[in-house]
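Chemist:
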Amino acid sequence: MRLDKLLADMQIGTRNEVKRYIRQGNVTVNGSCRVQPKQQVNPMEQEICCFGKPLTYQKYVYYMFHKPGGCVTARKDQKYKTVMDYIPKSHSGLSPVGRLDLDTEGLLLITNDGALSHNLLSPAKHVKKIYEVRIDGIVTEEDAALFAVGVEIGDSTKTKPAKLIIKKSAPVSEVEITITEGRYHQIKRMFQAVGKEVVYLKRIGMGNLKLDETLSPGAYRELTAQEVALLKEQGETYV
Ligand code: URA
Numbered sequence: 328m329r330l331d332k333l334l335a336d337m338q339i340g341t342r343n344e345v346k347r348y349i350r351q352g353n354v355t356v357n358g359s360c361r362v363q364p365k366q367q368v369n370p371m372e373q374e375i376c377c378f379g380k381p382l383t384y385q386k387y388v389y390y391m392f393h394k395p396g397g398c399v400t401a402r403k404d405q406k407y408k409t410v411m412d413y414i415p416k417s418h419s420g421l422s423p424v425g426r427l428d429l430d431t432e433g434l435l436l437i438t439n440d441g442a443l444s445h446n447l448l449s450p451a452k453h454v455k456k457i458y459e460v461r462i463d464g465i466v467t468e469e470d471a472a473l474f475a476v477g478v479e480i481g482d483s484t485k486t487k488p489a490k491l492i493i494k495k496s497a498p499v500s501e502v503e504i505t506i507t508e509g510r511y512h513q514i515k516r517m518f519q520a521v522g523k524e525v526v527y528l529k530r531i532g533m534g535n536l537k538l539d540e541t542l543s544p545g546a547y548r549e550l551t552a553q554e555v556a557l558l559k560e561q562g563e564t565y566v
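As numbered in my numbering, the sequence shown has no gaps in its residue numbers, which increase by one up to the final residue, 566.
#1: Within this structure, are the beta carbons of L538 and L434 separated by less than 8 angstroms?
#2: Rank R461, K408, V499, Q373 by C-alpha distance to the C-alpha of L528 and give the top, closest one.
#3: Would you tell me roughly how many angstroms separate the C-alpha atoms of L536 and Y458, rounded to the nearest one?
#4: Three or more C-beta pairs under 8 angstroms: does that hold for the region 390-407 against the region 343-356?
#5: Please report the straight-line C-alpha distance between E469 and K494, rounded to a whole angstrom.
#6: Below 6 angstroms CB to CB, which residues in the same chain sit around V466 once its five sequence neighbours on both sides are set aside?
#7: Run the proximity test for H453: is its beta-carbon closer than 7 angstroms to any non-hydrogen atom belonging to the ligand URA?
#8: Which of the three DSSP states, helix, strand or coil, is assigned to S500?
#9: In or out: V566 buried (at least 16 other Cβ within 10 Å) or exposed?
#10: Roughly how many angstroms lie between the CA atoms of E563 and Y389, to the nearest whole one?
#11: Ordered along the chain, which non-local residues of its own chain (more than five positions away) have a Cβ less than 6 angstroms from that of G509?
#12: Is K523 helix, strand or coil by DSSP?
#13: For the ligand URA, I want to know if H512 counts as a neighbour, meaning its beta carbon is within less than 7 angstroms of at least one of the ligand's heavy atoms.
#14: How far does the beta strand (DSSP E) with D463 in it extend, from its first residue to its last?
#15: Just checking T431 against the ligand URA - is the residue's beta carbon closer than 7 angstroms to any of the ligand's heavy atoms?
#16: Residues in the same chain with beta-carbon distance under 6 angstroms from V568, minus the five sequence neighbours each way, listed in chain order, please.
#17: So the beta strand (DSSP E) L429 belongs to, where does it begin and stop?
#18: Among Q519, I514, N357, R361, which residue has its Cα nearest to the Cα of P370?
#19: Pop quiz: K456 and R530 are said to be a contact at Cβ under 8 angstroms. What is the actual Cβ separation, rounded to whole angstroms?
#20: On the DSSP bridge assignment, give the partners of I375 in chain order.
#21: For Y387, which of helix, strand or coil comes out of DSSP?
#22: Who are the near neighbours of I514 in its chain, counting only those whose CB is closer than 8 angstroms to its CB and skipping five residues on each side?
#23: State the beta-bridge partners of P423 as determined by DSSP.
#24: Rounded C-beta distance between M517 and T486? I'm assuming under 8 angstroms.
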């Protein structure tokens, strides 16, 4: 890729700033500062230094995003802010892993690692998704028993077994639910199937990854190497 694009993608500066650094001789490629912004470089094979410091280029990047309500899980939208509006454009090919509804909050992974994303979303992998839910209605152990064997939500097949933990059973109930699928509006439709309405939904876990509660809604951070390793191990996890 172009040297100036690489440096801007790596957030060394804006495109204009990095062009200036290059022209001022502050950027070297394999030790030479006789380089041009438009020069094609390969960060995997060449040593690129900026102000004397070697750059460590990461091919893949993994962002944990705390999605706020009111933004859509898409790359572009005519009407709403998208989740991508919150994330630095550090790498091309960044996409959210799966979708959360407009009003759903919580953990959303955003990466350019297509293979990992594909694995995490593959129905065959049964990756756990854990949600905190507030329900308009009294949630009972009968609901938990129904969810444990699967419910009809208007699709050709029942939902896969889901684990429901009732934290508060009251006119407005609080529960935690773990599912291993990602059907459209799945949690809302599961509760509709037992005559109740979801009034608040927040994803708190995906696979081995837990939402970092120090991230406020709208904030993101890169995953740690350990979190990435845990996610990559993912794939054979069942409820
Ligand atoms: N289930 C839903 O109904 N909505 C979401 O955003 C995620 C799961």
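All C-beta atoms, glycine included, are put in the ideal place defined by N, C-alpha and C.
Modeler: Concretely, from the data shown:
#1: Mapped onto the sequence shown, residue 538 falls at position 211. Mapped onto the sequence shown, residue 434 falls at position 107. Yes, Cβ-Cβ distance for L538 and L434 is below 8 angstroms.
#2: The count along the sequence shown starts at 1 and reaches residue 528 at position 201. Of the candidates R461, K408, V499, Q373, the one whose C-alpha sits nearest the C-alpha of L528 is R461.
#3: Counting from one through the sequence shown, the residue named residue 536 turns up at place 209. Counting from one through the sequence shown, the residue named residue 458 turns up at place 131. Those two C-alpha atoms are separated by around 13 angstroms.
#4: no
#5: The residue labelled residue 469 in the question sits at position 142 within the sequence shown. The residue labelled residue 494 in the question sits at position 167 within the sequence shown. Their backbone Cα atoms lie some 15 angstroms apart in a straight line.
#6: Looking up residue 466 in the sequence shown gives position 139. Answer for V466: I493, S496, S500, V502, listed in chain order.
#7: If you number the sequence shown from 1, residue 453 lands on position 126. No; taking the cut-off as 7 angstroms, the Cβ of H453 has no heavy atom of the ligand URA nearer than that.
#8: Taking the sequence shown and counting its residues from 1, the one referred to as residue 500 is at position 173. Correct three-state label for S500: strand.
#9: Working through the sequence shown from its first residue, we reach residue 566 at position 239. Low local confidence applies: a pLDDT of 38 at V566 is under 50, so the model's placement there is unreliable, with the coordinate-based value given in what follows. It is exposed - the Cβ of V566 has fewer than 16 other Cβ atoms within 10 Å.
#10: The count along the sequence shown starts at 1 and reaches residue 563 at position 236. The count along the sequence shown starts at 1 and reaches residue 389 at position 62. For E563, the pLDDT reaches just 44, beneath the cut-off of 50, and the residue's location in the model is therefore unreliable, although a value from the coordinates is still provided. Those two C-alpha atoms are separated by around 21 angstroms.
#11: Numbered from its first residue, the sequence shown carries residue 509 at position 182. Around G509, the same chain offers G425 as residues with beta carbons nearer than 6 angstroms, after the five sequence neighbours per side are excluded.
#12: The residue labelled residue 523 in the question sits at position 196 within the sequence shown. In this structure, K523 counts as coil in the three-state DSSP scheme.
#13: Taking the first residue of the sequence shown as 1, we reach residue 512 at position 185. Yes, Cβ of H512 sits closer than 7 angstroms to a heavy atom of the ligand URA.
#14: The residue you call residue 463 lines up with position 136 of the sequence shown. Note, D463: beta strand (DSSP E), 456-463.
#15: For the purposes of this step, residue 431 is identified with residue 104 of the sequence shown, where counting begins at 1. Using a cutoff of 7 angstroms, the CB of T431 counts as near the ligand URA, since one of the ligand's heavy atoms is closer than that.
#16: Summary: the structure shown does not reach residue 568, with the chain confined to residues 328 through 566, and so no result is reported for it.
#17: By 1-based counting over the sequence shown, the position of residue 429 is 102. From DSSP, L429 is part of no beta strand (DSSP E); its letter is neither H nor E.
#18: By 1-based counting over the sequence shown, the position of residue 370 is 43. Answer by Cα proximity: N357.
#19: What you label residue 456 is simply residue 129 of the sequence shown in a count that begins at 1. What you label residue 530 is simply residue 203 of the sequence shown in a count that begins at 1. 6 angstroms between Cβ atoms; contact.
#20: Working through the sequence shown from its first residue, we reach residue 375 at position 48. Looking at the DSSP assignment, I375 forms a beta bridge with V356.
#21: Mapped onto the sequence shown, residue 387 falls at position 60. The answer is coil: DSSP assigns Y387 none of H, G, I, E or B.
#22: Residue mapping note: residue 514 aligns to position 187 of the sequence shown, counting from 1. Within the same chain, I514 has close Cβ partners Y458, V460, I504, I506, V525, L528.
#23: In the sequence shown, the residue the question calls residue 423 occupies position 96. P423 pairs with I437.
#24: Counted from its first residue, the sequence shown places residue 517 at position 190. Counted from its first residue, the sequence shown places residue 486 at position 159. Sure, about 6 angstroms apart at Cβ, within 8 angstroms.
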